[in-house]
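For reference, the structure is listed below as structure tokens.
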Amino acid sequence: MKTLITSKGDSTDSFFDLRFGRGKYFCIYDSETGKIEFIENLNADAQGGAGTKTAEKVIELGVKKVISGDFGPKAKDLLMKFGIQMVMINDSNKTIMEIIKSLS
Amino acid sequence: MPRRRRARKVVEPPSFKGYRPYGTINGRREGRVELHYEEYEAIKLADYDLMNHQEASGIMDVSRATFARVYETARRKIAKALVEGKEIVSVYGNAHLENDWFECDDCNSKFTIPNELLDKICPLCKSLSIKTILH
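Which chain is which? The protein sequence lines are Z and L, in order.
For the first sequence, numbering that gives the first Met the number 0 assigns the number 0 to the initial residue and increments by one for each residue that follows.
For the second sequence, numbering that gives the first Met the number 0 assigns the number 0 to the initial residue and increments by one for each residue that follows.
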């Protein structure tokens, strides 16, 4: 199962990003293969609709779980509709590695 | 001990965080009016969807009398904000949203559990100690 985590940088030592639509990078962790992949968020500097576009991206990637700090109302609705689990952590001092460790 | 307050069901929370007056003659007044989600829902059902109180109370899963009380406080709050030039902020109140959120007692993360997931555990630390929260 794939999990998406919003990240401030493109390595596992980077800190977790509290923003969903405007997080700099996305870390995609596959719990079956253990593969960790980073992709840049192209919507991070979008004028508007960053949350919606990111939610669409999540659906496209086939991710089943999203970990972020908070979700906007539109992103929430969309993810809820597609049965994607949302997890909110309110701690920006966590690194991506720490989150992945707690998942596996 | 007073009787437990029954949660009022809210189909959709307001799409705003608040309203602020502009161009007030005496400057913006201190203080704000807190409009609860269920009060917003009551105004929406009665005055936007034009339902009668009986129908609206059914949707919110409370008695007709309770609905009338919620509706009345909602109208009074809005009137107060308009007359006194106060800001309106939407707050959670005693609402119960259709889409539930959970909180883990161990790691304090908040999460949803989609219908297809059967095990009710924390997705982060696998703790079984989770509770429903009013998001």
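Beta carbons are placed, not taken as given, at the ideal position from N, Cα and C, and that holds for glycine.
- Secondary structure of residue 36/L (DSSP, three-state): helix.
- The beta carbon of residue 32/L sits closer than 6 Å to the beta carbons of 76, 79, 80, 85 and 87 from its chain, once the five residues preceding and following it are set aside; these are given in chain order.
- Per DSSP, the unbroken beta strand (DSSP E) holding residue 36/Z starts and ends at 35-39.
- For residue 47/Z, the closest Cβ of chain L is not nearer than 9 Å.
- Residue contact check for residue 79/Z against chain L: a CB pair falls below 9 Å.
- Cβ-Cβ distances below 8 Å link residue 42/L to 70, 73, 74 and 77 in the same chain, with the five nearest sequence neighbours on each side left out; the list follows chain order.
- Going by DSSP, residue 9/L is part of the beta strand (DSSP E) stretching over 7-9.
- In this structure, DSSP gives residue 50/L a state outside helix and strand, which the three-state scheme calls coil.
- When Cβ-Cβ separations below 9 Å define contact, residue 34/L makes no contact with chain Z.
- For residue 64/L, the number of other beta carbons within 10 angstroms of its own is below 16, and it is reported as exposed.
- Residue 17/L sits in a strand when the DSSP states are folded into three classes.
- Residue-level contact check: residue 93/L does not touch chain Z, since none of the beta carbons of chain Z fall below 9 Å from its beta carbon.
- By the Cβ-count criterion, residue 1/L is exposed, with fewer than 16 other Cβ atoms from all chains shown falling within 10 Å of its own Cβ.
- The C-alpha of residue 77/Z lies about 42 Å from the C-alpha of residue 24/L.
- Separation of residue 93/L and residue 4/Z (C-alpha to C-alpha, rounded to the nearest whole angstrom) is 32 Å.
- Identification of residues in the stretch 24-46 of chain Z having a C-beta nearer than 7 Å to some C-beta of chain L yields an empty set.
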